[in-house]
Structure formats: structure tokens, C-alpha cells
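So the protein sequences, as listed, match chains A and B. Per the working numbering, residue 1 is the first one in the first sequence, and the count goes up by one each step. Per the working numbering, residue 118 is the first one in the second sequence, and the count goes up by one each step. For every residue, glycine included, the Cβ atom is placed at its ideal position computed from N, Cα and C.
2 protein chains.
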Amino acid sequence: MDNEANQQAEDAADAMFHALADRTRRDILRRVLTGEHSVSTLAASYDMSFAAVQKHVAVLERSGLLVKRRSGREQLASGDLEAVRSVRSMLLELEDIWRGRISRIDELIGMPVDPNT
Amino acid sequence: MDNEANQQAEDAADAMFHALADRTRRDILRRVLTGEHSVSTLAASYDMSFAAVQKHVAVLERSGLLVKRRSGREQLASGDLEAVRSVRSMLLELEDIWRGRISRIDELIGMPVDPNT
DNA sequence: ACAATGTACAACCGAATGGTTGTATATTGG
DNA sequence: CCAATATACAACCATTCGGTTGTACATTGT
């Protein structure tokens with residue numbers, strides 16, 4: 001597994017988790033996952049400047065979790081389901097790592113462990 | 118739905134996603150999910166000071182993704198599977214929002230959403 | 001007893017974050 | 001054509017972040 005691609009994967013993970021680590025951005029993401037919203041429409045929902053919301057949208061866009069589409073003077077944002085899925089799969093991978101510990105301990109101690117849940 | 122509990126949930130989400138938004142911390146989490154590791158052992162794996170690694174461990178601990186147990190002079194860290202799961206469930210919730218299964222966004226709209234995939 | 005080990009934490013530093021205001025540039029409606 | 005709307009982006013500011021070094025303290029091994 002080349003370090004090249006892994007590095008890019010880590011960069012992507014950094015960007016996505018960082019994008020999710022702010023409640024305003026998570027809220028924006030929830031909204032744009034229900035359908036397209038212009039940046040102005042989104043901005044109207046929060047108690048902060050338009051520029052601040054626009055920057056949050058930019059962070060989400062850079063992470064790939066949100067996609068923008070131009071329509072006249074408006075920029076319509078929508079959430080990217082596949083990106084959300086890819087984040088979830090990273091978490092699943094972590095859980096699989098944990099399951100690896102179970103089987104090892106099972107071997108070592110001889111104590112049968114139930115590998116479900 | 119009380120804002121009290123929701124606020125706490127958002128705080129927890131902030132902490133967990135923030136903890137995950139750093140590749141060193143993700144790597145530490147992978148290690149401690151395979152089994153217990155002392156902070157020194159972990160620190161030896163990275164090209165940075167012991168204090169830096171210790172702070173990363175502290176961030177993970179504050180987020181709940183990592184738990185520490187004292188054993189003599191050592192502090193043994195292990196990953197908390199349930200916490201990882203709770204993060205994954207947040208992502209699943211987002212995917213459910215996309216599917217339109219969740220009415221959840223209290224304010225605003227009932228935009229019709231195409232319920233496939 | 002005491003030197004070595006493992007951990008915690010404070011103080012500091014440069015860079016990044018999350019917010020602001022202000023300015024510039026398209027696009028639209030009348 | 002012109003004013004209003006929608007967006008982008010720069011400059012700035014306070015705070016947080018990720019790293020450092022240094023100090024303090026408890027536990028261990030000899």
C-alpha cells in the first residue's frame with residue numbers, strides 16, 4: 001500500500017473530521033442533506049454574518065461533504081451522501097480494528113469472546 | 118426535546134470529531150483499539166516530544182474515545198468502542214436525514230426528498 | 001536510599017480557526 | 001440603465017491548536 005495514496009486519504013480524513021467538528025457546519029450539512037439551499041438562505045438561519053456562514057460552507061465544500069452548483073446568481077449547496085458514507089466507513093474500520101483485539105485475546109487467554117454487537 | 122441534552126450532545130460531537138481530525142490522534146486511537154498501551158509506549162512511536170503525544174492522548178481522553186487506567190507508574194490507554202460507535206451513529210443519522218427518514222430539522226422546511234438508494 | 005522511569009502540567013510560540021467589516025464582481029428585476 | 005441581490009474574498013482580531021522545553025512528582029528497581 002503506497003504511502004502516496006495513504007497520505008491523501010489521511011488528508012481527506014483530516015478535512016472531513018475537521019469540517020464535522022463544528023456544530024454550525026454539522027447543522028448546515030443536515031440542511032443541505034435534505035435538499036439544495038442557497039448560501040443566502042443558509043446564512044439567514046444563523047445568528048452570524050453572511051461571510052461567516054459562507055466560510056463554513058467553503059470548509060464543508062473543501063472537505064467534499066458539500067457540493068455547490070451555480071444557478072444564476074445563486075450558489076445552490078447540497079450534501080454529498082457518498083462523502084458522508086466514506087466518513088462512516090472510516091469509523092467502521094476503527095471498530096474492525098477493535099474486533100481484531102478480541103480474537104487475539106481469545107487466542108491468548110483461551111476465553112471465548114462473543115464477537116457480535 | 119430539551120435543549121439541555123441536545124447541547125450536551127453537540128458538545129460531545131464537537132469533542133469527538135475534533136479528536137478525530139488529527140492523523141496522529143487517529144493513529145493513536147487505532148493502536149489503543151488493538152489493546153492497552155502506556156503513554157510512554159505510544160510516545161515512542163512518534164517523531165515528536167513526549168509532552169506532545171501526552172496532549173494528544175488527553176484530547177482523545179476528553180472526547181471519550183480513549184480511556185486511561187493506572188497501573189503502577191504507568192497510565193494504560195485503551196480505545197472505547199462504544200464512543201467510536203456513537204460517532205458512527207451520528208454519521209448514520211446524517212445519512213438518514215438524506216433519505217428523508219428523519220423529520221428532525223425542527224425549524225424550516227419540508228422539502229420533498231427523493232427517497233432512493 | 002536513590003537514580004531512573006512514567007506522567008502531568010505550565011509557559012511559551014507560530015500557525016490555524018472562527019468570527020468581524022469592508023470591498024469587488026456578477027446577475028437579476030423593474 | 002440602475003438598484004438590489006448573491007456571492008466571493010481580503011484584512012483584521014481574539015482564541016485555539018499543535019508543537020516545544022522545563023519543572024514537579026510519584027513509582028520502581030537496584
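| Check | Outcome |
| --- | --- |
| Candidates A:Arg73, A:Ala52, A:Val84, of which the one nearest Leu66 (chain A) by Cα | A:Val84 |
| Proximal residues, the region 192-206 of chain B versus chain A, C-beta separation under 7 Å | Gly196, Leu198, Val201, Arg202, Val204, Arg205 |
| Residue nearest to Asn123 (chain B) in terms of C-alpha spacing, selected from A:Ala19, A:Asn3, A:Val32, A:Asp27 | A:Asp27 |
| Proximity below 8 Å, CB of Arg69 (chain A) to CB of Ala15 (chain A) | no |
| Boundaries of the alpha helix (DSSP H) in which Arg62 (chain A) is found, first to last residue | 50-63 |
| Exposure of Phe17 (chain A), with buried meaning 16 or more beta-carbon neighbours within 10 Å | buried |
| Cross-strand partners of Val67 (chain A) (DSSP beta bridge) | A:Ser78 |
| Beta-carbon gap between Leu92 (chain A) and Arg140 (chain B) smaller than 8 Å | no |
| C-beta atoms of Val39 (chain A) and Gln75 (chain A) nearer than 8 Å | yes |
| Cβ pair Ala136 (chain B), Leu177 (chain B) closer than 8 Å | yes |
| Whole-angstrom distance between Ala13 (chain A) and Leu29 (chain A), CA atom to CA atom | 17 Å |
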